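Chains U and S, in that order, are what the protein sequence lines are. Using the working numbering, the first residue of the first sequence is number 2, and each one after it goes up by one. Using the working numbering, the first residue of the second sequence is number 3, and each one after it goes up by one. We put the beta carbon where it would ideally sit given N, CA and C, even for glycine. These figures come from a predicted structure and were not determined experimentally. Only one structure is covered here, and it is reproduced in the block below.
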Amino acid sequence: MSLTNPEIITPLHLIGYRGGEKSLLDEIYARLKNQGFSEDLCASLGWTLGELADNATTHAGGPCYFILSSLVGPCKFLTLTIGDTGVGIPVTLKSNELYGELTDFEAFISAFKSDVSSWAEYHKRGKGLNDLLAIAKGNGAWIRAETNGMGVFFDFRAGSGNITARKAGASNSGTRYSMVLIDSQFVHVTKKEMNAFLDAFLEKQ
Amino acid sequence: MNTILMRQFGTTLTDRADGKKTFEEIFRTSTFPVALDFSGVVSLGSSFGDEVILKVAERQENKLAILHANHVIQNAVRRSIEDCPVSVSFDA
Chain U
2 MSLTNPEIIT
12 PLHLIGYRGG
22 EKSLLDEIYA
32 RLKNQGFSED
42 LCASLGWTLG
52 ELADNATTHA
62 GGPCYFILSS
72 LVGPCKFLTL
82 TIGDTGVGIP
92 VTLKSNELYG
102 ELTDFEAFIS
112 AFKSDVSSWA
122 EYHKRGKGLN
132 DLLAIAKGNG
142 AWIRAETNGM
152 GVFFDFRAGS
162 GNITARKAGA
172 SNSGTRYSMV
182 LIDSQFVHVT
192 KKEMNAFLDA
202 FLEKQ
Chain S
3 MNTILMRQFG
13 TTLTDRADGK
23 KTFEEIFRTS
33 TFPVALDFSG
43 VVSLGSSFGD
53 EVILKVAERQ
63 ENKLAILHAN
73 HVIQNAVRRS
83 IEDCPVSVSF
93 DA
């Protein structure tokens, strides 16, 4: 294995029902540990995949699919790509009248704030995507997200992080994430910190 | 204090619905106060944590001991309690 030849840990795989990823994760953890990955890296993967699969079932109303690959060299890291074929983040979020006036791009970014959800406030939902960003920031990693023809790149490799709007690779509905997890640091990042990061970006728009 | 072995509920503890079921099982079978032991658990999601960590803590004066949790599980627990008056202690 080399840095130019990633090993496919999981080929394109469909999670067809709620929690369907869990039995598969046990096999993935074993394989990653054999490759020398730490338990903290496995923990980050399980948390990330669990939240995104739960989001797909809860908000996109259907299954999701993912691909996982690893690179082992001087630095060890995973690439996780996961997507669903739902109606997309802006459509889902704006079904909550609290967010109905947002532009589609504002809705896309706002969905990553904690306590922002298509569900009513009393359900206390909306943490999953905020968790995703916090895991990436605490890991010094990066995420590309796309929904309904819009794309955004969250880069936490240096400093407090950057957000860049990017054209999506596809204009169809549904949501896709591609994320790198590096086997290095796993720092706790608060919801408040991630919300401030997102608010600062939205204020510049 | 009773210790709940969280491994009995799985190695990957994510999903809010599973968290609710897990809390119901703990509530049905345990005498509070309890400590939660994460030996053998690889991963915890904060949605699952909301349903277990916060509800267990509510039943024991908002205090909870977490045992044998890896760094990332500890991070998930901290995110669950961030907006709540819950005090958690970590060992090992």
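Inset, instruction - Leaving out five residues on either side along the sequence, give the residues of the same chain with a beta carbon under 8 Å from the beta carbon of Ser111/U. - result: Leu94, Tyr100, Leu103, Val117, Leu199 and Leu203
Inset, instruction - List the residues of chain U that Ala37/S touches, going by C-beta distances under 9 Å, in chain order. - result: Result: empty, since nearest Cβ-Cβ is about 20 Å, beyond 9 Å.
Inset, instruction - Would you mind sorting Thr148/U into buried or exposed? The rule is 16 or more other CB atoms within 10 Å of its CB. - result: buried
Inset, instruction - Sort Lys114/U, Leu130/U and Gly141/U by Cα distance to Thr1/U and report the nearest one. - result: Lying before the first or after the last residue shown, residue 1/U is absent from chain U, which here runs from 2 to 206.
Legend entry - chain S contact residues for Phe187/U, given Cβ-Cβ distances below 8 Å: His73, Val74 and Asn77
Inset, instruction - Identify, in the order they occur along the chain, each residue of the same chain with its Cβ nearer than 8 Å to the Cβ of Asp52/S, setting aside the five sequence neighbours on each side. - result: Arg18, Gly21 and Ser82
Inset, instruction - Step through the CB atoms of chain S and report whether any lies within less than 8 Å of the CB of Leu26/U. - result: yes
Legend entry - Residue-level contact to chain U via CB, Thr13/S, 8 Å cutoff: yes
Legend entry - Closer than 8 Å to chain S by CB, Lys1/U: Only positions 2 to 206 of chain U appear in the structure, and residue 1/U is not among them; the question remains open.
Inset, instruction - Determine, using beta carbons only, whether Asp184/U comes closer than 8 Å to chain S. - result: no
Inset, instruction - Could you say which of Ser174/U, Asp184/U, Ser119/U and Phe106/U lies nearest to Lys205/U if we only look at CA atoms? - result: Phe106/U
Legend entry - Beta-carbon contacts of Tyr123/U that lie in its chain and below 7 Å, excluding the five residues immediately before and after: Because the pLDDT at Tyr123/U is just 49, under 50, the model does not fix this residue reliably, and the value given afterwards should be weighed accordingly. Excluding sequence neighbours, Tyr123/U sits near nothing in its chain.
Inset, instruction - Could you tell me which of Glu8/U, Leu13/U, Leu26/U and Gly17/U sits nearest to Leu15/S, measuring between CA atoms? - result: Leu26/U
Inset, instruction - Report the rounded CA-to-CA distance for Arg19/U versus Thr82/U, giving the unit in angstroms. - result: 18 Å
Inset, instruction - Go ahead and pull the three-state DSSP assignment for Asn148/U. - result: The identity of residue 148/U in the sequence shown is Thr, whereas the question assumes Asn. Strand at Thr148/U.
Inset, instruction - Mind listing, in chain order, the continuous beta strand (DSSP E) runs of no fewer than 3 residues lying wholly within the region 10–88 of chain U? - result: 65–73 and 77–85
Legend entry - Per DSSP, cross-strand counterpart(s) of Ser91/S: Ala67/S
Legend entry - Cβ-based contacts, 7 Å cut-off: residues of the region 57–87 of chain U near chain S: none
Inset, instruction - Compare the C-beta of Glu194/U with all C-beta atoms of chain S and state if any pair is closer than 8 Å. - result: no
Inset, instruction - Kindly say whether Leu69/S, judged by its beta-carbon, lies nearer than 8 Å to any beta-carbon of chain U. - result: no
Inset, instruction - State the CB to CB distance for the pair Thr24/S and Phe34/S, rounded to an integer number of angstroms; the pair is presumed to be in contact (CB under 8 Å). - result: With a Cβ gap of about 15 Å, Thr24/S and Phe34/S do not count as contacting.
Legend entry - Three-pair Cβ contact test at 8 Å for the region 38–55 of chain S versus the region 43–55 of chain U: yes
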